[in-house]
Structure formats: structure tokens, C-alpha cells
Amino acid sequence: MLYPQTNAARAAIDLSGVWDFRLDGQERWQPIAVPASYNDQSADPAYRAHVGLAFYRTRFTVPAAFAGKRVSLRFDAVTHDARVSLNGAPLCAHRGGFLPFEAEITDLVAPGESAWLEIEVDNRIGHHTLPVGNEGGTAFFGSDNPGIPSVEAGKRLQRERGVNLPNFDFFNYAGVTRPVRLLAMPRAHIEDVTLVPSLDGRVRYEIAAAGEGSARVQIFDADGAPVAEAEGERGTLSIPQPKLWEPWPGTPYLYTARATFGEDVYELRFGVREVRVEGAKVLLNGKPFHFHGPCKHEDSPFRGRGTDDCVNVTDINLFHWLNANAFRTSHYPYAEEMLALCDREGIVVIAETPAVGIGAPGEGEPYGWALAAYHRQVLADMIARDKNHPCVVMWSLGNEPNTEALPQEAYDYWHPLYELAHRLDPQNRPVTLVGCQNDYTRDLAVPSMDVVSVNRYYGWYNLSGDLPAAQYAMRMELDYWEKLGKPLILSEYGADTVAGLHAAAPEMFTEEFQAEYYKAINACLDERPFVVGETPWNFADFGTQQGPMRAGGNRKGLFTRDRRPKLAAHYFRERWKDFHKGE
Ligand code: GCB
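Each residue of the sequence shown is one higher than the one before, counting from 178 in my numbering.
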């Protein structure tokens, strides 16, 4: 799905602002900022604790100047499920909180007229949502205390009342979290553009269009000079002496493809780069690439998971400060604005579906057909949305499924998704699946990927505080993976750290311990050329569900939630300066 654009043929009006809002059961409409999660916008505890429906509404006008155009509404993300109505009549519905959807309204609101737009948002999570909610009555990191009659009775009460029990470790933020826009474009219009560049400058292209017209593509260099053009809905263009999109600190050179179809125009920035796996290396533009940079969340004070360009720019500038070159969109597809920023700034992205927490024991059908069908849809939508971004170099099918309890079932669930990602992606990027710390010798799914990604917390959740033992265990596991002959990314490792807590003799939770922990684990990684990535957990402290293991959220950030560096951030900044592992 194309990102909205205002140009000579199209208009996109951002409907962001202060809308009306009420939780199900409340009478009064209250102000709410869009885009943002609703949960942190009020001191009313119901905003964070709410389970179920919430309602948003606003009034907008279709400009008279839109007469004769195809008019639609585009929702970049509503978390998790949405039902949209226009002047009280159902317009569209969408499942899943991290990808866009669109509905045409050309014949529903006349140019020059206004309409009420209402969005019903559902934040409930369960076995058939992505991310996965735990219907069995146990909170992530909560203590089960099975068999205690009073605790069991309390859990029953929670279930009757309705409770969200995320099987994941980030706050279940909800609402209209990304922009909503009113779009106008010619009735005969471009629906999609696909570009597949190669290093020799050839660019395969395809334009999908609705209605009558003839198609054309022109390519311009970064100074706006034309460098190639072709007629027709598909074909191959050739850029003479192409400048490549190189990751930071190289130059992420961007060209612009201008597609025209009848009266319609769409402009897409893209880069010439290639990515593939060869032996135990990931090659970017034919050269071994090493991923280094902390995993992220879309998370900031007040906004929750709401898109904010200022937060995004600040974060990417902090990536530059860290000398980092990559992150994974843990644990869901990020806002399109962030990917455009990474294209521009040369930050490499591993794009992840929202499939986190699949297959917890006792979940009933942990690898059920219904979830698989929905997962396929989400994967397809993510690839369709992000396929042209040069920054996206790999797909992650999901994070930390249970691949250990039922190894064959897990393989039978994940491997078809791996094949599907390869089939759907015109650029045929490598595919990974991020494995949980478990008995890795039983895992069939993660080793079947192009790149093995493993989250490991030696020295934190296990062997806690004992760094020599953590190193011993880490090295033993790396010995195991080395034999596979595939590239490996240590896709998460980290230690909760309270900013300002210090100790001369490093102990868990101090800033010194976090820095020592990373030095110890990195020493193991440095010995292994097949380790092509180190992506610490996490860039910044972030909001989570409350629980006995979380004091004001997850504190594994290299930065605090308001983006102040801890000691470990300074350590990584030094480590990653002129870092040339494997090249
Ligand atoms: C993990 C998860 C991540 C958590 C992290 C932690 O393995 O992938 O979502 O936040 O551990 O800090 O426990």
C-alpha cells in the first residue's frame, strides 16, 4: 500500500489533532490527541487498565476542490482492531494494530460537505491476536502460584471482569496511534509501485493501476536530474553509473522514481543496494555487513506508541551518536515515517511482524490454523507496505515463539511463513526468526532460517550477576551454532539498569554492571566471525505492564525513557566507533 503523498496530482490532508474520545461505559466525550495511544493521556486509572472498546470521533470536511477525484480515508495504524463508521454508517473494519488500511468515500461525502468519522478501537488480546494475549490467566512475568485456592479464585474473578494478559513484555498501548489522512487522487490512479534495483543500475519496475491510462516511469538522481525513463506498466530501467545506498557511516544515496499513469503521479524515493546471505555472512552491496545497534520500541512518555517525528529524529540522531548502524523493529512493524527516515540516514532495519509470544504452553492450539492464516496476512501486508525501502534488509517472522515444547509443530508453523516471505518479497530479502532462550538443541524452526537470531540473557535471567559463568555458557552455545554454518545475530542481550544507581563493585541493576555485562558478552562475540550482529536490548527504557519484575517499566535501555545515556551507552559509543568486524 502506497504511503500518502501531496503532489501535482494528489492531496493528503492530515486529520491529526484533538478528537473526542470515550471508553466503553463512559458517557462524556473527552479530549484525546491523535496520533497517540490513549492510555497515558489521563490520570484516570481506567485509561491504562481498560479492556475492550473505546470510541474516537472527529468531524472533517472534504474540500470542494476534491470534486471529480477519488477520495478516501487512510488509517496508518489503529491498535489493535478497528471498526470505522462515517455519519453513523459502517465504513470499514481492520484487524491488527500496526499496519495501514484505507477506505474509499468518494460517493459517501460530497466535496464541500462535512462528515462525522467515528473509530471503535478494541484493545483485547488473546490466542488469535498478534501480539498474543495469554487467555490462560497468567500475566507475563507474573507468578502463577498454581493450586492456591484463593489465588485461583482471584484469577477467575479477573477473567470474569475481563483482563488483558499480554504474553509479551511491552505495555499493551492502544488507540489511533498513527495519522489518519483524507486522500484525493485521480479516479484512474496508481495503486502500487514495485522497484527491484540491482548493483549494475538496472531497476525492474511494475506499476499497478486502476482505470484507463498509460504508464511511465522516470528516475531522477538526488539533485533532481533525470537519469532513466521507460514507458509501460512493467519493464526494466537502467541507471548509468549508479550511486549505491550505503549504510551509515557511508552515503545512503537516494534516487526518486516518478511513476505517472494518466493524470496521476506518484513519487517514490529508493536506493540501489543488494542484500544476500552467503555462507556465514550477510552481504550488503557485496560486502560483509555487521549489524550493530540496539533494538527499539515505539515508546515515549505521554504518547505511548504514538508516532512522533520529533521522537523519531531524536532517536535516529542518538543512533548516530552511538555509532550504531541497525535496529530491529521489535516487536511489530514501525511507522512508515521511521522507515523513510532510516532510508535517508542509512540506518539498516530488520522489519518484524507483530507475532510475539506465540505458542506459550497451555494456550490451547498454540500453532493453530486460524492464527497461521492471520499471520500470513499480516506478513503479506507488511511486505507489501515496506518492500521498496532500501533500509529494510531482512524480514523477521516473529519474536520468541515457543519452539522447544513442540519442535516439529513449531517448524511446520514457521517454515511455511519463511517460504511465503521469500515468495512475496520482490527483492527476496533474507528471512529470520528470533529465538527465545530455551533448549536450543531442540529448536528446528530458528536454524531453518537464512540468518539465526537468538535472544540470550546469560548473566541476567540465568546465571544472574555471574559474568564469568555467563561467558562460559555463551561460548558453549556459540560453539553449537557455529557448526550450522549460518550467520548469527545476538538479537537481544541486556540487563535492567536503574539510571543513577552506581556501585564500585558492579552489582545487578547498577550502571556499572550493565557496562560490564556488555563487555563480557561482547568479548565472546568478538571471537566469532559468524556472529554478524549484536543488537542490545534495548535502546531506551520502555513502558510495560506492571508486575513484580518491572519497576516503572523495563529498564534495560542504554538510555532512559527520556533519552539520557547510561554508562553502557558511552561504552557502546566507543566500541562502535570505526567498528569493522568481518569486513
Ligand atoms: C525478551 C523479549 C523482550 C523483553 C526482554 C526482557 O526476550 O524479546 O520483549 O522485553 O526479553 O527484557 O525481558
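By construction, the Cβ of each residue, glycine as well, lies at the ideal position given by its N, Cα and C atoms. Being a predicted model, the structure only gives us computed values, none of them experimental.
**Request:** Find out if the Cβ-Cβ distance for the pair V449, P374 is shorter than 8 Å.
**Result:** For the purposes of this step, residue 449 is taken as the residue at position 272 of the sequence shown. For the purposes of this step, residue 374 is taken as the residue at position 197 of the sequence shown. Yes; because the gap between Cβ atoms is below 8 Å, this pair is in contact.
**Prompt:** For G671, is the beta carbon positioned less than 7 Å from some heavy atom of the ligand GCB?
**Reply:** Sequence index remark: in the sequence shown, residue 671 carries index 494 (1-based). G671 Cβ: within cutoff of the ligand GCB.
**Message:** As an exercise, report each continuous beta strand (DSSP E) stretch of at least 3 residues that is fully enclosed by the stretch 362-406, in chain order.
**Reply:** DSSP runs (the beta strand (DSSP E)) wholly in the stretch 362-406: 366-374, 379-387 and 392-397.
**Asked** P417 and G378: beta carbons closer than 8 Å?
**Response** As a working mapping, residue 417 is identified with position 240 in the sequence shown. As a working mapping, residue 378 is identified with position 201 in the sequence shown. Yes, the pair counts as a contact, with Cβ atoms nearer than the cut-off.
**Asked** Between the stretch 525-532 and the stretch 555-567, do three or more beta carbon pairs fall short of 8 Å?
**Response** Result yes; three or more Cβ-Cβ pairs closer than 8 Å.
**Asked** Taking the alpha-carbon positions, what's the C269 to D441 distance?
**Response** As a first step, residue 269 is located in the sequence shown; it is residue number 92 there, counting from the start. As a first step, residue 441 is located in the sequence shown; it is residue number 264 there, counting from the start. Taking the straight line joining both Cα atoms gives about 25 Å.
**Message:** Would you say the beta carbon of W293 is closer than 7 Å to some non-hydrogen atom of the ligand GCB?
**Reply:** Translated into the one-based positions of the sequence shown, residue 293 becomes position 116. Every heavy atom of the ligand GCB is 7 Å or more from the Cβ of W293, so no.
**Message:** Shorter than 7 Å, the distance from the beta carbon of N216 to the closest heavy atom of the ligand GCB, or not?
**Reply:** Sequence index remark: in the sequence shown, residue 216 carries index 39 (1-based). Because no heavy atom of the ligand GCB lies under 7 Å away, the Cβ of N216 does not count as near it: no.
**Asked** Going by DSSP, what residues sit across from A587 in a beta bridge?
**Response** Taking the first residue of the sequence shown as 1, we reach residue 587 at position 410. Answer is none; A587 lacks a bridge partner.
**W714 versus P424 - alpha carbon distance** = For this step, residue 714 is matched to residue 537 along the sequence shown. For this step, residue 424 is matched to residue 247 along the sequence shown. Straight-line spacing of the CA atoms in W714 and P424 works out to 21 Å.
**Message:** Considering only the alpha carbon of each residue, which of K660, Q723 and M571 lies closest to A158?
**Reply:** The requested residue 158 is not part of the displayed model; the chain covers only 178 to 760.
**Message:** Under 7 Å: does the beta carbon of F345 sit that close to some heavy atom of the ligand GCB?
**Reply:** Here the question's residue 345 lines up with position 168 in the sequence shown. Yes; taking the cut-off as 7 Å, the Cβ of F345 has a heavy atom of the ligand GCB nearer than that.
**Length of the line joining the Cα atoms of P478 and N311** = If you number the sequence shown from 1, residue 478 lands on position 301. If you number the sequence shown from 1, residue 311 lands on position 134. Approximately 26 Å between the Cα atoms of the pair.
**Message:** With a threshold of 8 Å, are at least 3 pairs of Cβ atoms found where one atom belongs to the stretch 451-471 and the other to the stretch 654-670?
**Reply:** Result yes; three or more Cβ-Cβ pairs closer than 8 Å.
**Asked** Would the stretch 478-489 and the stretch 207-215 be scored as touching if the rule is three or more Cβ pairs under 8 Å?
**Response** Yes, they touch.
**Per DSSP, the bridge partner or partners of K458** = As a first step, residue 458 must be located in the sequence shown, where it is residue number 281. Answer is E455.
**Asked** Quick one: what's I209 bridged to in DSSP?
**Response** Within the sequence shown, the letter at position 32 stands for residue 209. The partner list for I209 (beta bridge, DSSP) reads W196.
**Message:** Only counting the same chain, and skipping five residues up and downstream in sequence, which positions put a Cβ closer than 6 Å to that of F749?
**Reply:** Residue 749 sits at position 572 when you count from the first residue of the sequence shown. For F749, the CB contacts under 6 Å within the same chain, skipping 5 residues up- and downstream, are L499 in chain order.
**Message:** Looking at L601: is its Cβ nearer than 8 Å to the Cβ of I666?
**Reply:** Your numbering for residue 601 matches position 424 in the sequence shown. Your numbering for residue 666 matches position 489 in the sequence shown. Cβ distance not < 8 Å, so L601 and I666 don't count as in contact.
**Asked** Which one or two residues does DSSP pair with L724 in a beta bridge?
**Response** As a first step, residue 724 is located in the sequence shown; it is residue number 547 there, counting from the start. It should be noted that the sequence gives Gly, not Leu, for residue 724. Beta-bridge partners of G724 (DSSP): R727.
**Request:** Quick one: measure Cβ to Cβ for H497 and W753, integer angstroms, because I've assumed they're closer than 8 Å.
**Result:** Taking the sequence shown and counting its residues from 1, one reaches residue 497 at position 320. Taking the sequence shown and counting its residues from 1, one reaches residue 753 at position 576. The C-beta distance from H497 to W753 rounds to 11 Å, too long to fall under 8 Å, and the pair is not in contact.
**Asked** If you run the structure through DSSP and keep just helix, strand and coil, what is M571?
**Response** To locate residue 571, count along the sequence shown from 1; it is residue 394. Residue state, collapsed to three classes: strand.
**Item:** DSSP-derived helix/strand/coil call for T609
**Value:** One-based indexing of the sequence shown puts residue 609 at position 432. DSSP, reduced to helix, strand and coil, places T609 within a strand of the structure shown.
**Item:** Candidates R435, A385, Y382 and Q648, of which the one nearest I396 by Cα
**Value:** For the purposes of this step, residue 396 is taken as residue 219 along the sequence shown, with counting starting at 1. Measuring from the Cα of I396, the nearest candidate turns out to be R435.
**Asked** Pick from A392, F736, K420 and E383: whose alpha carbon is nearest that of T413?
**Response** Here residue 413 refers to the residue found at position 236 when the sequence shown is read from its first residue. Looking at A392, F736, K420 and E383, the one whose alpha-carbon comes closest to that of T413 is E383.
**Message:** Between the stretch 258-278 and the stretch 359-370, can you find at least three pairs of beta-carbon atoms closer than 8 Å?
**Reply:** Fewer than three pairs of CB atoms, one per stretch, sit closer than 8 Å, so the stretch 359-370 makes no contact with the stretch 258-278.
**Item:** Coarse secondary structure for H747, derived from DSSP in three states
**Value:** Stepping through the sequence shown from its first residue, residue 747 is reached at position 570. In the structure shown, H747 sits in a helix (DSSP, three-state: H, G or I).
**Prompt:** Which term fits E540, buried or exposed, when burial requires 16 or more other beta carbons within 10 angstroms of its beta carbon?
**Reply:** The sequence position of residue 540 within the sequence shown is 363, counting from 1. Because E540 sits at a pLDDT of 49, beneath the cut-off of 50, its placement in the model cannot be relied upon, and the following sentence gives the value as read from the coordinates. Here E540 is buried. Its C-beta has 16 or more other C-beta atoms within 10 Å.
**Asked** Excluding sequence positions up to five away, which residues of its chain have a Cβ less than 6 Å from the Cβ of V488?
**Response** As a first step, residue 488 must be located in the sequence shown, where it is residue number 311. Cβ within range, chain order: S477.
**Prompt:** Apart from the five residues just before and just after K564, which ones in its own chain have a Cβ nearer than 7 Å to its Cβ?
**Reply:** By one-based count along the sequence shown, residue 564 stands at place 387. So the list reads T371, D602, P603 and Q604, once near-sequence residues are dropped.
**Item:** C-alpha distance - F504 paired with A405, whole-angstrom precision
**Value:** On the sequence shown, residue 504 is found 327 positions in, with the first residue counted as 1. On the sequence shown, residue 405 is found 228 positions in, with the first residue counted as 1. Taking the straight line joining both Cα atoms gives about 33 Å.
**Message:** By the DSSP assignment, the beta strand (DSSP E) with N632 in it spans what residues?
**Reply:** Within the sequence shown, residue 632 is the residue found at index 455, counting from 1. Note, N632: beta strand (DSSP E), V628 to N632.
**Request:** Could you tell me if Q585 is buried or exposed, where buried requires 16 or more neighbouring beta carbons within 10 angstroms of its beta carbon?
**Result:** Indexing the sequence shown from 1 puts residue 585 at position 408. It is exposed - the Cβ of Q585 has fewer than 16 other Cβ atoms within 10 Å.
**Asked** Going along the chain, which residues of its own chain have a beta-carbon closer than 7 Å to the beta-carbon of L495, five neighbours each way excluded?
**Response** Here the question's residue 495 lines up with position 318 in the sequence shown. Excluding its 5 nearest sequence neighbours in each direction, L495 has C-beta neighbours in its own chain below 7 Å: F736 and R740, listed in chain order.
**Request:** If I'm right that S573 touches V611 with Cβ under 8 Å, what's the distance once you round it to whole angstroms?
**Result:** The residue you call residue 573 lines up with position 396 of the sequence shown. The residue you call residue 611 lines up with position 434 of the sequence shown. Their Cβ separation, rounded to whole angstroms, is 6 Å, which keeps S573 and V611 in contact under 8 Å.
**Prompt:** Okay, do the stretch 269-279 and the stretch 244-260 touch, 3+ Cβ pairs below 8 Å being the bar?
**Reply:** Result yes; three or more Cβ-Cβ pairs closer than 8 Å.
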